[in-house]
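Enquirer: Protein chains in written order, with the working numbering: chain V, -5 to 264; chain C, -5 to 264; chain W, -5 to 264. Take this structure, written in structure tokens, and hold onto it; I'll ask about it next.
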Amino acid sequence: MKEDLMSKIMDEVMKKMGETEISEVKEEAAKEVKCEEAKSCSLTEFVGTAIGNTIGLVIANVDYNLHELMNIDKKYRSIGIVGGRTGAGPHIFAADEAVKATNSEILLIELPRDTEGGAGHGSLIIFGAEDVSDARRAVEVTLNELERTFGDVYGSSAGHLEFQYTARASYALNKAFGAPIGKSFGITVGAPAAIGVLLADTAVKAANVDVVGYSTPGNGGTSYSNEVILTFSGDSGAVRQSIIAAREVGKQLLSTLSTEELKSSTIPYI
Amino acid sequence: MKEDLMSKIMDEVMKKMGETEISEVKEEAAKEVKCEEAKSCSLTEFVGTAIGNTIGLVIANVDYNLHELMNIDKKYRSIGIVGGRTGAGPHIFAADEAVKATNSEILLIELPRDTEGGAGHGSLIIFGAEDVSDARRAVEVTLNELERTFGDVYGSSAGHLEFQYTARASYALNKAFGAPIGKSFGITVGAPAAIGVLLADTAVKAANVDVVGYSTPGNGGTSYSNEVILTFSGDSGAVRQSIIAAREVGKQLLSTLSTEELKSSTIPYI
Amino acid sequence: MKEDLMSKIMDEVMKKMGETEISEVKEEAAKEVKCEEAKSCSLTEFVGTAIGNTIGLVIANVDYNLHELMNIDKKYRSIGIVGGRTGAGPHIFAADEAVKATNSEILLIELPRDTEGGAGHGSLIIFGAEDVSDARRAVEVTLNELERTFGDVYGSSAGHLEFQYTARASYALNKAFGAPIGKSFGITVGAPAAIGVLLADTAVKAANVDVVGYSTPGNGGTSYSNEVILTFSGDSGAVRQSIIAAREVGKQLLSTLSTEELKSSTIPYI
């Protein structure tokens, strides 16, 4: 009986160890495949991927029908497309840098209700350009900026916080949020929405900022996400001060709902 | 070889055991942290947390700007805020008790599409009061009532059922559902929505109730949740009878989609 | 010490093995329960279940009040109800076959934002019939067809692709998408939405098809899902050609976001 058991134990354990090894090998193989794919996805339309299940694409000559369907000016022969499952603020602030840095226009910004089971939005952003290299460049800049703009996104299983800041808002922020062009601009986001309400109150009390917008789950400013979003512009120091005050409060509040440590998705930049 | 194997087995098993112990310790530590945090969150705005990733907050003196943005009467110097990721019915029925029990008003009830990957809504509820202690009390009552109002919420990975009943509807139920003030009022909710349709038919056939509303994924009564919601008032006995009949049917139907046992989220109260 | 350890190992391993056996037994028991339940759910309204957490129901004599609430013609004494957590295209194309095959009408098609944390829709479809056996038959056909219509749904944790094709569109596709009755009709769906944009461009370039609709997260054609959906009709060969070209591109794009193998939910049919 004991012998028998002993051999059973060994069988079990060896099976386990075998599985582990096999799955490790598979994982490594998978990683290699990913690298290869990312490098070698043979479609000329593919630009790259980024955090938040984000993909960047480009169409050199948009089909005549699609131009009509998208309701965009025919002069934009080429479009750049950036969209992801998780993140709207990070993508819009990243796209704003892309518009500043390239010869492209923001044609469309839409916010699906997503975040893969989370409380917020995904995104779909379309750039227009007369030349495909400009469209591609806009997508590349956006994808690269995401690493930074996810820096002040803090999440747990219970919700998330997001803060964004720019010293000079451009056309993407203007289109998405009505930000005054050329001025310092920031946002605070809290989910569940109750936290976002307090962040908004904290932000407007912390410094002398001009409120641009206030979005809630039901007032049309969100796609029924469980967020309250405050957007504001003003003096650069004031905008930052408001964000930093709200961020401090937000972290304390979201921490009451979960024991998980609230960490930046990448590296805080504000 | 066998020796070698034996030591490998031991290493593996000991590692496992070690991990278990470490993770147990971590969990306990985490629990303690949570208690401490919940007790000691130093923000005066923090009131408490409850089931459904719900947080309760209070603002003693709402900022002038926020008053405007929220479009609420300036006489409500203080607001109470209750919001969660999972649950709308439970929160609205709980808030209804808070309005009855305190010197506060319901200013806003919004339903984000949430439930953390589930089929339903989260919630954002705002109470107004002239005095901060009244706003705080309204939030406290709501948080406390949630334990009860989650009692007839039954969920599985496939969907959920919700039933609520009150002998006397007040201003929260009136604002959210148009419930006649002072009358007995109930709701049936089924998700996926197909189940909710049959619950509605069952409820209206089971007793002589007055239908107040019927909400579906696409008719504007929900935030695109996968639910059908029937709301009805009438004689107290009739309302309860309708709910109990629908609950019996709902449990049988939802059970066909999953082998999980359908359990109350807390303790059934109807 | 070593003895002691040895017995600990055995205890651990035996516990593990015991658990495994117990959980296996439980699983088997659960499966049996499911079968039994599915077979024996005693409600006459229950028709069956299908992939996507889909349930099919029938009401022989819809309550007078519910007729009013649903805003449906009183002549449809009986209704069939099909709804699920995951899938809208598959359900609508399946319902289209049901309408062709039975003496029933499509009364309502609604798309909740669901897919259980995914990027797309669930569904609620209601058939009307003068006779309950016709309503039941419509539901049965729909549930049976789902196995096929999920064939060109490909998903990973990062998103999904969906392709549907019919040689002859009928009333369900007309109601949901405005498909011209009797003509060949197809759809391409990509999520995250960025992928859907490129699928649309690919489809319209691949063959001479007539675009019927183009839905995005924010243009009202979706319930804020993270999808772009192109619908088109035309010559049967052209419609298929467009779909096949888009499918090829979609698989390559979605594969860049995840190392998971993209597999059909059932068996591809296009």
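From the three backbone atoms N, C-alpha and C, an ideal C-beta is built for every residue, glycine too.
I need the straight-line Cα distance from residue 166 of chain V to residue 242 of chain W, nearest angstrom please.
Expert: Locating residue 166 of chain V in the first sequence gives position 172, where the first residue counts as 1. Locating residue 242 of chain W in the third sequence gives position 248, where the first residue counts as 1. Cα to Cα, the separation comes out at about 32 angstroms.
Enquirer: Under the three-state reduction of DSSP, which class applies to residue 189 of chain V: helix, strand or coil?
Expert: Stepping through the first sequence from its first residue, residue 189 of chain V is reached at position 195. Helix at residue 189 of chain V.
Enquirer: Taking the beta carbon of residue 117 of chain W as the centre, do at least 16 other beta carbons fall within 10 Å, making it buried, or is it exposed?
Expert: If you number the third sequence from 1, residue 117 of chain W lands on position 123. By the 10 Å Cβ count, residue 117 of chain W comes out buried.
Enquirer: Rounded to the nearest angstrom, what separates residue 263 of chain C and residue 145 of chain C at their Cα positions?
Expert: Position 269 of the second sequence, counting from 1, holds the residue named residue 263 of chain C. Position 151 of the second sequence, counting from 1, holds the residue named residue 145 of chain C. Answer to the nearest angstrom: the Cα atoms are 6 angstroms apart.
Enquirer: Check whether the segment 85 to 105 of chain C and the segment 207 to 225 of chain V are in contact - that is, three or more C-beta pairs closer than 8 angstroms.
Expert: Yes, the segment 85 to 105 of chain C is in contact with the segment 207 to 225 of chain V.
Enquirer: Given a cut-off of 8 angstroms on the beta-carbon distance, is the pair residue 189 of chain W and residue 140 of chain W in contact?
Expert: Taking the first residue of the third sequence as position 1, residue 189 of chain W is located at position 195. Taking the first residue of the third sequence as position 1, residue 140 of chain W is located at position 146. Cβ distance not < 8 angstroms, so residue 189 of chain W and residue 140 of chain W don't count as in contact.
Enquirer: Excluding the 5 residues preceding and the 5 following residue 161 of chain C in the sequence, name in chain order all residues of the same chain whose CB lies nearer than 8 angstroms to its CB.
Expert: Here residue 161 of chain C is taken as the residue at index 167 of the second sequence, counted from 1. Here the set comprises 178, 230.
Enquirer: If you measure beta-carbon to beta-carbon, which residues of the segment 206 to 238 of chain C are closer than 7 angstroms to chain V?
Expert: Residues passing the 7 angstroms Cβ filter: 217, 218.
Enquirer: Between the C-alpha atoms of residue 234 of chain W and residue 156 of chain V, what's the straight-line distance to the nearest angstrom?
Expert: By one-based count along the third sequence, residue 234 of chain W stands at place 240. By one-based count along the first sequence, residue 156 of chain V stands at place 162. So the two alpha carbons sit approximately 44 angstroms from each other.
Enquirer: Is the number of C-beta pairs between the segment 32 to 50 of chain W and the segment 248 to 261 of chain C that are closer than 8 angstroms three or more?
Expert: Flag = yes, the segment 32 to 50 of chain W and the segment 248 to 261 of chain C touch.
Enquirer: Within the continuous alpha helix (DSSP H) that includes residue 224 of chain C, where are the two ends?
Expert: The sequence position of residue 224 of chain C within the second sequence is 230, counting from 1. It is not in any alpha helix (DSSP H) - residue 224 of chain C instead sits in the beta strand (DSSP E) that spans 222 to 228.
Enquirer: Can you look up residue 119 of chain W in the DSSP assignment and give me helix, strand or coil?
Expert: As a working note, residue 119 of chain W is residue 125 in the third sequence. Strand, per DSSP.
Enquirer: Can you check DSSP and say which residues form a bridge with residue 178 of chain W?
Expert: For this step, residue 178 of chain W is matched to residue 184 along the third sequence. In DSSP, residue 178 of chain W forms a bridge with W/228.
Enquirer: Out of C/70, C/43, C/108, C/79, which has the shortest C-alpha to C-alpha gap to residue 136 of chain C?
Expert: Within the second sequence, the letter at position 142 stands for residue 136 of chain C. Among C/70, C/43, C/108, C/79, the Cα nearest to that of residue 136 of chain C belongs to C/43.
Enquirer: For residue 159 of chain W, count neighbouring C-beta atoms within 10 Å of its own C-beta (all shown protein chains included) and say buried if the count is 16 or more, exposed if not.
Expert: The sequence position of residue 159 of chain W within the third sequence is 165, counting from 1. When all chains shown are included, residue 159 of chain W counts as buried.
Enquirer: In whole angstroms, give me the CA-to-CA distance for residue 219 of chain C and residue 113 of chain V.
Expert: Here residue 219 of chain C corresponds to residue number 225 of the second sequence, with the count starting at 1. Here residue 113 of chain V corresponds to residue number 119 of the first sequence, with the count starting at 1. Near 14 angstroms, if we compare the C-alpha coordinates of residue 113 of chain V and residue 219 of chain C.
Enquirer: Flag residue 106 of chain V as yes if its beta-carbon sits less than 8 angstroms from any beta-carbon of chain W, otherwise no.
Expert: Counting from 1 along the first sequence, the entry for residue 106 of chain V is found at position 112. Cβ-Cβ to chain W under 8 angstroms: yes for residue 106 of chain V.
Enquirer: Check the Cβ of residue 195 of chain C against every Cβ in chain B and list those closer than 7 angstroms, keeping chain order.
Expert: Absence of chain B from the displayed structure is noted, the protein chains being V, C and W.
Enquirer: Go through its chain and collect everything with a Cβ distance to residue 172 of chain V's Cβ below 8 angstroms, but skip five positions before and after it.
Expert: Reading the first sequence from its first residue, position 178 is the one you call residue 172 of chain V. The residues are 206, 207, 225.
Enquirer: Measure the Cβ-Cβ separation of residue 191 of chain C and residue 197 of chain C and say whether it is below 8 angstroms.
Expert: Numbered from its first residue, the second sequence carries residue 191 of chain C at position 197. Numbered from its first residue, the second sequence carries residue 197 of chain C at position 203. Contact flag unset, no.
Enquirer: Per DSSP, residue 157 of chain W is paired with what?
Expert: As a first step, residue 157 of chain W is located in the third sequence; it is residue number 163 there, counting from the start. Partner(s): W/182.
Enquirer: Check whether chain C comes within 8 angstroms of residue 251 of chain W, counting only Cβ atoms and requiring the distance to be less than that.
Expert: As a first step, residue 251 of chain W must be located in the third sequence, where it is residue number 257. It does not: the Cβ of residue 251 of chain W has no partner Cβ on chain C nearer than 8 angstroms.
Enquirer: Return the chain-ordered list of same chain residues with a C-beta closer than 6 angstroms to the C-beta of residue 89 of chain C, the five sequence neighbours on each side being excluded.
Expert: Along the second sequence, read from residue 1 onward, the residue named residue 89 of chain C stands at position 95. For residue 89 of chain C, where only same-chain residues beyond five positions count, the Cβ hits under 6 angstroms are 119, 136, 166.
Enquirer: Taking C-alpha atoms, which residue in C/175, C/91, C/99, C/77 lies nearest to residue 108 of chain C?
Expert: Here residue 108 of chain C corresponds to residue number 114 of the second sequence, with the count starting at 1. Taking only the C-alpha atoms, the option nearest residue 108 of chain C is C/77.
Enquirer: How many Å lie between residue 217 of chain C and residue 185 of chain C at the Cα?
Expert: Locating residue 217 of chain C in the second sequence gives position 223, counting from the first residue. Locating residue 185 of chain C in the second sequence gives position 191, counting from the first residue. Spanning the two alpha carbons is a distance of roughly 14 angstroms.
Enquirer: Is the distance from the Cβ of residue 239 of chain V to the Cβ of residue 200 of chain V below 8 angstroms?
Expert: The residue given as residue 239 of chain V occupies position 245 in the first sequence. The residue given as residue 200 of chain V occupies position 206 in the first sequence. Closer than 8 angstroms, so yes.
Enquirer: If we call anything under 8 angstroms between Cβ atoms a contact, is residue 99 of chain C one with residue 121 of chain C?
Expert: Translated into positions along the second sequence, residue 99 of chain C becomes position 105. Translated into positions along the second sequence, residue 121 of chain C becomes position 127. Cβ atoms of residue 99 of chain C and residue 121 of chain C: closer than 8 angstroms.
Enquirer: Taking only beta-carbon positions, decide if residue 79 of chain C is within less than 8 angstroms of chain V.
Expert: Taking the second sequence and counting its residues from 1, one reaches residue 79 of chain C at position 85. Yes, its Cβ sits closer than 8 angstroms to a Cβ of chain V.
Enquirer: Determine the direct distance from the alpha carbon of residue 81 of chain W to that of residue 187 of chain C, and round the result to whole angstroms.
Expert: Sequence index remark: in the second sequence, residue 187 of chain C carries index 193 (1-based). Sequence index remark: in the third sequence, residue 81 of chain W carries index 87 (1-based). Their Cα atoms are separated by approximately 13 angstroms.
Enquirer: Could you pull out every residue in the same chain whose Cβ sits closer than 6 angstroms to the Cβ of residue 232 of chain V, ignoring the five residues on either side in sequence?
Expert: By one-based count along the first sequence, residue 232 of chain V stands at place 238. So the list reads 201, 202, 203, once near-sequence residues are dropped.
Enquirer: Report the residues of the segment 177 to 195 of chain V with a CB closer than 9 angstroms to any CB of chain C, ordered along the chain.
Expert: Against chain C - using a Cβ distance shorter than 9 angstroms - the residues of the segment 177 to 195 of chain V are 185, 186, 187, 188, 189, 190, 191, 192, 194, 195.
Enquirer: Buried or exposed for residue 17 of chain C, going by 16 or more other Cβ atoms inside 10 Å?
Expert: Here residue 17 of chain C refers to the residue found at position 23 when the second sequence is read from its first residue. With a pLDDT of 44 at residue 17 of chain C, under the threshold of 50, the modelled position of that residue is not reliable, and the figure given next carries that caveat. With fewer than 16 other Cβ atoms within 10 Å, it is exposed.
Enquirer: In chain W, which residues lie with their C-beta within 8 angstroms of the C-beta of residue 111 of chain C?
Expert: By 1-based counting over the second sequence, the position of residue 111 of chain C is 117. Residues of chain W passing the Cβ test: 110, 111.
Enquirer: Using the rule of at least 16 other Cβ atoms within 10 Å of the residue's Cβ for burial, across every protein chain shown, is residue 169 of chain V buried or exposed?
Expert: If you number the first sequence from 1, residue 169 of chain V lands on position 175. The residue in question, residue 169 of chain V, is buried, as its Cβ has 16 or more Cβ neighbours within 10 Å.
Enquirer: Run through the DSSP bridge pairs and tell me what residue 147 of chain C is partnered with.
Expert: Within the second sequence, the letter at position 153 stands for residue 147 of chain C. C/156.
Enquirer: By Cβ distance, which residues of its chain are closer than 6 angstroms to residue 193 of chain W, with the 5 residues on each side in sequence left out?
Expert: Within the third sequence, numbered from 1, the residue matching residue 193 of chain W stands at position 199. 182, 184, 240, 244, listed in sequence order.
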